[in-house]
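Participant: Quick note: the sequence shown uses the numbering used here, first residue 4, plus one each step.
Positions of the beta carbon are idealized from the N, C-alpha and C atoms, including for glycine.
Remember, it's a predicted structure, so these values are computed and weren't measured experimentally.
Pasting in a structure now, in structure tokens, and then I'll have a few things to ask.
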Amino acid sequence: MSVPPLLVALACWFFGTAAIVWLDSRPRWTWKWSFAALGLASIAALVAIALLARSASVGAVYGSVASAILIWGWHELGFLTGHVAGPRRTPCPPELAGWARFKAASATVIHHEIALALTALLLIAVSWGGPNQAGPLAFLLLLGMRLSAKLNLYLGVTNLSDEVFPAHLAYLKSYFGAARWNVLFPFSVLFGLGTTWLAWHAAEAATLPGLAAGYTVLAGLAFLGVIEHALLMLPVRDAVLWAWAAQPQAAKAVPSKRRP
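Structure, rendered in structure tokens:
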């Protein structure tokens, strides 16, 4: 199996996250301009995915994945800067439990989740029928792993990494659960590993180099998602990975990739 596609997956994940960290840690007055500029770039990325869907070349596959990562980053920046979150932006009342607590937690992020789901449908629509589906599949993979991480945080994990949240999102920490284990976690890891295995074997079975590269990138992204899930249960702080990209005066605004 070729190594470069795995490096593409790693680069998209690492530098994509670092870029969002940098933008989010800049002075607050810059956020609306960063969000608007990245929004315009995302429109261009959407057009690129639609056009690149017609080609199964290696370059087209890489371009499609990079475009999907850019659109994903725009959504993440929108959430971190408070442009798109949910109707509830207050801490969880301590007396809430069970279904009432779940509804309250969902209300803190529901607008963002709807936006992500609609974007996923749009990416599928604009690339429908094309041989290159790498972009939409990458976006769907990120969406699935993110949803899994959110639910694990809600149910309870060992490593909350709550010290890395932006100050204006501090209320979200009240919806986290603290536990050494939860029933969903092993299924989340199995889902990630299973997706990695399926994508890897699809790459091996692909007859075109571009398709093989695309599935390999997806396998790499899925495995990175497994690592992120593993960090939820390990006493390891991952904020140090992104500290170099943050503004020194805004170190507390370095976001975790794991959010509720």
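1) If contacts are defined as beta-carbon pairs under 8 Å, then G195 and A225 qualify, I think. What distance do you get, rounded to the angstrom?
2) Compute the Euclidean distance between the alpha carbons of L49 and A63, then round it to the nearest angstrom.
3) When the Cβ atoms of the region 52-68 are set against those of the region 22-33, are three or more pairs found closer than 8 Å?
4) Nearest CA to the CA of V112: which residue from P90, L121, A215 and L126?
5) Grab the span of the alpha helix (DSSP H) containing G133 for me, first residue to last.
6) Could you name the residues that DSSP lists as bridge partners for V160?
7) Mapping DSSP to helix, strand and coil, what is F17?
8) Using a Cβ-Cβ cutoff of less than 7 Å, which residues in the same chain neighbour I127 once the five nearest sequence positions on both sides are dropped?
9) Which residue's Cα is closest to the Cα of L119: A100, G76, V192 and T84?
10) Could you give the distance in angstroms between the alpha-carbon of V239 and the alpha-carbon of N162?
11) May I ask you to verify whether the region 5-21 touches the region 56-72, counting CB pairs closer than 8 Å and requiring at least 3?
12) With DSSP as the reference, label H114 as helix, strand or coil.
13) Going by DSSP in three states, V11 sits in which element: helix, strand or coil?
14) Taking one C-beta from the region 193-211 and one from the region 173-185 each time, how about it: are there three or more such pairs within less than 8 Å?
15) Exposed or buried, A249, counting other C-beta atoms within 10 Å across all chains shown (16 or more means buried)?
16) Below 8 Å on the Cβ atoms is my contact criterion, and I expect N155 with G213 to pass it. Report the Cβ-Cβ distance as a whole number of Å.
17) When the Cα atoms are used, what is the spatial distance from R57 to S45?
18) Give the straight-line distance between the Cα atoms of G85 and T33, rounded to the nearest whole angstrom.
19) Determine the extent of the alpha helix (DSSP H) in which T199 is found, giving its start and end residues.
20) Roughly how many whole angstroms lie between the Cα atoms of W36 and L80?
21) Is it right to say G66 is buried, meaning 16 or more other beta carbons lie within 10 angstroms of its own, or is it exposed?
22) Classify I23: buried if its beta carbon has 16 or more other beta carbons within 10 angstroms, exposed otherwise.
23) Work out the CA separation of A100 and A268 for me, nearest whole Å.
Facilitator: Straight from the coordinates:
1) 6 Å
2) 13 Å
3) no
4) P90
5) Here G133 belongs to no alpha helix (DSSP H), and DSSP marks it neither H nor E.
6) A181
7) helix
8) P139
9) G76
10) 7 Å
11) yes
12) helix
13) helix
14) no
15) buried
16) Contact flag wrong, Cβ pair sits at about 34 Å.
17) 19 Å
18) 13 Å
19) F188 to A208
20) 11 Å
21) buried
22) buried
23) Here the chain covers residues 4 to 263 and nothing more, so residue 268 does not appear.
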